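Student:
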DNA sequence: TATGAATGAGCCTTCATTCAT
DNA sequence: GATGAATGAAGGCTCATTCAT
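Chains as they are written, first to last, in our numbering: chain A, 2 to 200; chain B, 2 to 200; chain C, 2 to 200; chain D, 2 to 200.
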């Protein structure tokens, strides 16, 4: 047999890793980190338990990468969705676009978001994960502040903080109450309130 | 000689249960539910592992009572703090009072709130706990809606939802970012924004 | 208060002990020895856990007394039932009477008999209990041999052994198969076979 | 390097499972089910506690397989031993052969038989095990009935029941009394009695 | 690269027993 | 005589991790 080419190896590695990450994300999101066993993850990923340890140094490392992936993806999606509008449109339009995207993502990835929120509360255990999540989050936040400044909004700093906090608060309540929470109404109310002042 | 009196036993029982609840609250809040073992709780409470099961039917039952205690206490404190102002004062004053109390409680019980948020994200496992938390939360929410209606605020329903969500969003960001989050400034901004509209 | 009289004390002791023995017998018979906890027994007897240890030195001692009671009672009932017939009647009549009584007792106390059989198999653990059961059993056996000798039955020794073994074998199968086992038919067949030979 | 071959694994698995089954059988038979801990079994089998659960879903499952193995083996040995004689020989000869084999097996596996009898008395707990034992037992019984019918024995049904019951009764007494029980004499007496009637 | 048998620490829980009252 | 709070050893079981292949 000819030795496998370098490239093939790389591809195999990437595919296996991807399968593991996907399986882990699903299970962590569904059942939580602790109740999910490595065995179940391996099973769902269609690989052996041992193989995990070729790609990840342990369960916690796996969690870290899982979170990083999904967190970064969410952040990027949100930022990219509004990027085209930032220069041309009024703040109100931009915010509306942000909220639209936000709501879609929230509904689509409810379970994953729940996991993320739960994890972000675990400050003392898993400091590495907490740090990483904070960093990604702050990246998004800075972009928001940036936009507000661009639109010559007074008090952009605390206003950006409030804006981000409110968005996450809305998400939080939706995640807890589910369809009992009047997501669309609240978002509408929020947009009105946020834009009519000082504009 | 004579068996212990009924009263004495009651007192003993109450004290032991209290010790366990306190220890459990501290550890659950600090490290989370799963990573906290019954052994550690018993150790911290200064009792034997087995005694636990005289008072609680299991680890999850213990968590439930812990959460109920601390959650209900928080809810009551918040409601009681504003109760005297509701009739006499303007909405703005009431809200300011609410936020003051809220901020104090948030700072004082940050770890417990983290635990609560994390738990409220665990919908699928532990449905009993989730239900209980939702109920207590909704009680607070209804009082808020009530107050807004009293003050003849238009759209009290979705406005109350938004108000509650924003408060929790602010709490969330404070809990994640700690002192990096400009809590007071954001609260001020929020009060301004919320009260100046439609007033 | 006048001090309790010696007699009263004795009566109280006897009643409490009796309650415990009854409760233990029922639970041991129903669920087996190991799966039955002291707590459950105390509960059913309507007394406190601690009180048990005033009357019995431990769980195994309790079992021993329970078995002794019920075993002796069974043995006595069986012997007394046939005693009046021994002198006057033919062997066949006596045996028929024995079997009648045996069948009634078997049906009435199936669960207790199951427990007894199970315990009699535990030779290595609980040697005390095994010895006691053996002694009571041998008492019955000797009476049977005695009767056969009285009726001038040849080979009374091994015949008595066979008779006793067959009776217990029938019981065993009834206990395992329940109503699927044709108890009455088999008994009839047995009586025929046992009496027609050498008579 | 390369993962172990499928075959190798199968062999390893089989050997480990066998070791566990043997150890468990010995301990269950010697001390009973409840007093035997998984730790002790693992220790005797020379493996770790955890490995057990790769092969059995729990302690009760282990018991079930242990019983099934030993019970089925006994049943098969008994049936195979007489099979060659059934067609050619008279009933008396066949029965004598049965009893010979029976006695040998009884003496050789006394402890296992004790365990089996004890277990067969546990109707309420462990219904699965009870059912399994009953099934195997009935298989043997039906063969006996079958043979009696073949030899044109009248009343084969209840006679077969009696025959089986008597055999087990003899076994029971031997198991309880050990060498105090005159096994051979009783068997002889039994054969005489059983065959001389209706022949 | 990939496997899965094997480990062992640690988990939650039960329960016979003790003892102060 | 009677109670039941408290103990602590032991039980069954899970699971992240290792390692020979």
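Yeah, the Cβ is synthetic: ideal placement off N, Cα and C, and Gly gets one too.
Note that the coordinates shown come from a computational prediction; the quantities given were computed from them, not determined experimentally.
1) Which word fits residue 84 of chain D, buried or exposed, when buried means at least 16 other C-beta atoms lie within 10 angstroms of its C-beta?
2) Work out the CA separation of residue 165 of chain B and residue 21 of chain C for me, nearest whole Å.
3) So, at 7 Å on beta carbons, what are the nonlocal neighbours of residue 17 of chain D in its own chain, with the 5 sequence-adjacent residues on each side left out?
4) So residue 41 of chain C contacts chain D; which residues on that side make the cut at Cβ distance below 8 Å?
5) Between the C-alpha atoms of residue 95 of chain B and residue 86 of chain B, what's the straight-line distance to the nearest angstrom?
6) Does the segment 67-80 of chain B come within contact of the segment 135-147 of chain B, defined as at least 3 CB pairs closer than 8 Å?
7) Which residue wins for smallest C-alpha separation from residue 64 of chain B, given the options B:19, B:111, B:140 and B:29?
8) If you scan the segment 156-183 of chain A from start to end, which runs of the alpha helix (DSSP H) of 4 or more residues do you find wholly inside it?
9) Can the beta-carbon of residue 122 of chain B be found less than 8 Å from the beta-carbon of residue 119 of chain A?
10) Can you give the Cα-Cα distance for residue 169 of chain B and residue 149 of chain A, rounded to whole angstroms?
11) Using the Cα positions of residue 182 of chain A and residue 109 of chain A, report the straight-line distance between them to the nearest angstrom.
12) Does the distance from the CB of residue 187 of chain B to the CB of residue 162 of chain A come in under 8 Å?
13) Is the CB of residue 148 of chain D under 8 Å away from at least one CB in chain C?
14) First and last residue of the alpha helix (DSSP H) that includes residue 81 of chain C?
15) Are the CB atoms of residue 171 of chain B and residue 191 of chain B within a distance shorter than 8 Å?
16) Pick from D:136, D:139, D:125 and D:99: whose alpha carbon is nearest that of residue 115 of chain C?
17) In three-state terms, what does DSSP make of residue 17 of chain D?
18) Determine the DSSP secondary structure at residue 57 of chain A, reduced to helix, strand or coil.
19) When the Cα of residue 155 of chain D is compared with those of D:27, D:50, D:92 and D:117, which residue comes out closest?
20) At which residues does the alpha helix (DSSP H) containing residue 93 of chain A begin and terminate?
21) What number of angstroms, rounded off, separates the C-alpha of residue 184 of chain A from the C-alpha of residue 160 of chain B?
22) State the Cα-Cα distance for the pair residue 13 of chain D and residue 23 of chain D, rounded to the nearest angstrom.
23) For the alpha helix (DSSP H) that contains residue 147 of chain C, what are its first and last residues?
24) Identify, in the order they occur along the chain, each residue of the same chain with its Cβ nearer than 7 Å to the Cβ of residue 129 of chain D, setting aside the five sequence neighbours on each side.
25) Could you list which residues in chain A have their beta carbon closer than 7 Å to that of residue 121 of chain B, in chain order?
26) Rounded to the nearest angstrom, what separates residue 54 of chain A and residue 70 of chain A at their Cα positions?
27) Is there a C-beta anywhere in chain A that falls below 8 Å from the one on residue 99 of chain B?
28) Applying a beta-carbon distance threshold of less than 9 Å, which residues of chain C neighbour residue 170 of chain D?
29) Just checking: is the beta-carbon of residue 36 of chain B within a distance shorter than 8 Å of some beta-carbon in chain A?
30) Considering residue 40 of chain B, what are the terminal residues of the alpha helix (DSSP H) in which it resides?
31) For residue 101 of chain A and residue 175 of chain A, what's the separation of their Cα atoms in angstroms?
32) Counting contacts by CB-CB distance shorter than 8 Å, is residue 195 of chain A in contact with chain B?
33) Look up residue 193 of chain D in the DSSP assignment and say whether it is helix, strand or coil.
34) Which same chain residues, not among the five before or five after residue 7 of chain C, have their C-beta less than 7 Å away from its C-beta?
35) For residue 127 of chain C, which option in D:32, D:131, D:61 and D:139 has the closest C-alpha, if you only look at C-alpha atoms?
36) Output, in chain order, the set of chain C residues within a Cβ distance shorter than 7 Å of residue 126 of chain D.
Tutor: Reading from the atomic positions:
1) For the purposes of this step, residue 84 of chain D is identified with residue 83 of the fourth chain, where counting begins at 1. When all chains shown are included, residue 84 of chain D counts as exposed.
2) As a working note, residue 21 of chain C is residue 20 in the third chain. As a working note, residue 165 of chain B is residue 164 in the second chain. Using only the alpha carbons, I get a separation of about 59 Å.
3) Translated into positions along the fourth chain, residue 17 of chain D becomes position 16. So the list reads 48, 52 and 56, once near-sequence residues are dropped.
4) Taking the first residue of the third chain as position 1, residue 41 of chain C is located at position 40. Correct list: empty, because the minimum Cβ distance to chain D is about 14 Å.
5) Start at 1 with the first residue of the second chain, and residue 95 of chain B comes out as number 94. Start at 1 with the first residue of the second chain, and residue 86 of chain B comes out as number 85. Approximately 6 Å, taken between the alpha carbons.
6) yes
7) As a working note, residue 64 of chain B is residue 63 in the second chain. For residue 64 of chain B, the nearest C-alpha among the options comes from B:29.
8) 157-178
9) As a working mapping, residue 122 of chain B is identified with position 121 in the second chain. As a working mapping, residue 119 of chain A is identified with position 118 in the first chain. It is a contact, given that the beta carbons lie within the stated cut-off.
10) Taking the first residue of the second chain as 1, we reach residue 169 of chain B at position 168. Taking the first residue of the first chain as 1, we reach residue 149 of chain A at position 148. Between residue 169 of chain B and residue 149 of chain A, the C-alpha separation is close to 23 Å.
11) Mapped onto the first chain, residue 182 of chain A falls at position 181. Mapped onto the first chain, residue 109 of chain A falls at position 108. Whole-angstrom Cα-Cα distance: 16 Å.
12) Residue 187 of chain B sits at position 186 when you count from the first residue of the second chain. Residue 162 of chain A sits at position 161 when you count from the first residue of the first chain. Yes, the Cβ-Cβ distance between residue 187 of chain B and residue 162 of chain A is below 8 Å.
13) Here residue 148 of chain D refers to the residue found at position 147 of the fourth chain. Taking Cβ atoms only, chain C never reaches closer than 8 Å to residue 148 of chain D, which makes this a no.
14) One-based indexing of the third chain puts residue 81 of chain C at position 80. Segment 60-87, the alpha helix (DSSP H) holding residue 81 of chain C.
15) Mapped onto the second chain, residue 191 of chain B falls at position 190. Mapped onto the second chain, residue 171 of chain B falls at position 170. A contact, by the Cβ cut-off of 8 Å.
16) Looking up residue 115 of chain C in the third chain gives position 114. The option with the nearest alpha carbon to residue 115 of chain C is D:125.
17) Stepping through the fourth chain from its first residue, residue 17 of chain D is reached at position 16. Helix.
18) Counting from 1 along the first chain, the entry for residue 57 of chain A is found at position 56. If DSSP states are grouped into helix, strand and coil, residue 57 of chain A belongs with coil.
19) Locating residue 155 of chain D in the fourth chain gives position 154, counting from the first residue. That would be D:92, whose Cα lies nearest to the Cα of residue 155 of chain D.
20) Counting from 1 along the first chain, the entry for residue 93 of chain A is found at position 92. Here the alpha helix (DSSP H) through residue 93 of chain A covers 92-109.
21) Start at 1 with the first residue of the first chain, and residue 184 of chain A comes out as number 183. Start at 1 with the first residue of the second chain, and residue 160 of chain B comes out as number 159. Whole-angstrom Cα-Cα distance: 12 Å.
22) The count along the fourth chain starts at 1 and reaches residue 13 of chain D at position 12. The count along the fourth chain starts at 1 and reaches residue 23 of chain D at position 22. Straight-line Cα distance between these residues: approximately 15 Å.
23) For the purposes of this step, residue 147 of chain C is taken as residue 146 along the third chain, with counting starting at 1. Taken as a continuous stretch (DSSP letters only), the alpha helix (DSSP H) holding residue 147 of chain C covers 128-151.
24) Along the fourth chain, read from residue 1 onward, the residue named residue 129 of chain D stands at position 128. 65, listed in sequence order.
25) For the purposes of this step, residue 121 of chain B is taken as residue 120 along the second chain, with counting starting at 1. Residues of chain A passing the Cβ test: 177.
26) Here residue 54 of chain A corresponds to residue number 53 of the first chain, with the count starting at 1. Here residue 70 of chain A corresponds to residue number 69 of the first chain, with the count starting at 1. Going by the C-alpha atoms only, they are around 19 Å apart.
27) Position 98 of the second chain, counting from 1, holds the residue named residue 99 of chain B. With respect to chain A, the C-beta atom of residue 99 of chain B has no partner C-beta closer than 8 Å.
28) Taking the fourth chain and counting its residues from 1, one reaches residue 170 of chain D at position 169. Within chain C, the residues near residue 170 of chain D are 163, 165, 166, 167, 168, 169, 170, 171, 172, 173 and 174.
29) Taking the first residue of the second chain as 1, we reach residue 36 of chain B at position 35. Chain A contact via Cβ: present.
30) By one-based count along the second chain, residue 40 of chain B stands at place 39. Counting along the chain, the alpha helix (DSSP H) containing residue 40 of chain B begins and ends at 39-46.
31) For the purposes of this step, residue 101 of chain A is identified with residue 100 of the first chain, where counting begins at 1. For the purposes of this step, residue 175 of chain A is identified with residue 174 of the first chain, where counting begins at 1. Cα to Cα, residue 101 of chain A sits roughly 15 Å from residue 175 of chain A.
32) Walking along the first chain from the start, residue 195 of chain A turns up at place 194. Output row for residue 195 of chain A: interface = yes.
33) As a first step, residue 193 of chain D is located in the fourth chain; it is residue number 192 there, counting from the start. Note: residue 193 of chain D maps to helix in three-state DSSP.
34) Numbered from its first residue, the third chain carries residue 7 of chain C at position 6. If we look at residue 7 of chain C and ignore the five residues flanking it on each side, it has no Cβ neighbours.
35) For the purposes of this step, residue 127 of chain C is taken as residue 126 along the third chain, with counting starting at 1. Selected option, being the one with the closest Cα: D:32.
36) Walking along the fourth chain from the start, residue 126 of chain D turns up at place 125. Under the 7 Å cutoff, chain C gives 32, 33 and 36.
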